[in-house]
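Protein chains in written order, with this note's numbering: chain A, 136 to 252; chain D, -12 to 100.
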């Protein structure tokens, strides 16, 4: 059973370009979380999605950032018109259970390291 | 706002010593906690979890203690090895009204051979 797969592992974008980060959850998992991690910092929650639904996006910036988790295919975190401050590691986690139960253990991918130049 | 925080940002120990990493949480509604280990360049890896109806749980070389009275968690690693060097995060499964893993800043554990 493959773990959570994220790609690309490293992404370099120029200011103003778009970044697309992909996350394939573990088999059988239909709940996905995206986090951002700056150097020497903890993981900051961005968005929680179930298949075809955004459940909680309270941690995601209102502008330029969007996320989706279609019925088929990976979850996508999209950052439009990137700025240098978007440089960070972006982690995806998946869970087999919804975030309405207490024991929602989340399994993480290896992350995508975005560098904006 | 409510948050999960750690007392010590860096902990240095000698190989073979026992390590204790502490974590404070402030959301009294939190009822499930996880410790993660993150090695350089990798994603967080699950170590051990504990529910709020327990005050202690043991794994292989690791023990998690939960004190709900003072909202405090600790991770104890026995006979620490160089491979244990990493950043350790505690996470609580509460964010506002929903169960979303919420992380503290992390503690860097450095094990000297």
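Note that CB positions come from ideal geometry on N, CA and C, so glycine has one too. Fair warning: this is a prediction, and the values are worked out from it, not measured in the lab.
- Counting only residues of its own chain and dropping the five nearest sequence neighbours on each side, residue 41 of chain D has a CB closer than 8 Å to the CB of 53.
- The beta-carbon separation of residue 220 of chain A and residue 141 of chain A, rounded to 21 Å, does not stay under the 8 Å limit for a contact.
- Beta bridge pairing from DSSP links residue 43 of chain D with D/52.
- The beta-carbon of residue 44 of chain D is placed no less than 8 Å from the nearest beta-carbon of chain A.
- Around the beta carbon of residue 79 of chain D, 16 or more other beta carbons lie within 10 angstroms, which makes this residue buried.
- Contact between residue 187 of chain A and residue 206 of chain A holds, since their C-beta atoms are separated by about 5 Å, short of 8 Å.
- Residue 157 of chain A is positioned such that its CB atom lies no closer than 8 Å to that of residue 196 of chain A.
- No Cβ-Cβ contact shorter than 8 Å links residue 231 of chain A with residue 138 of chain A.
- Distance from residue 96 of chain D to residue 8 of chain D at the Cβ level is roughly 7 Å; contact confirmed, criterion being Cβ atoms closer than 8 Å.
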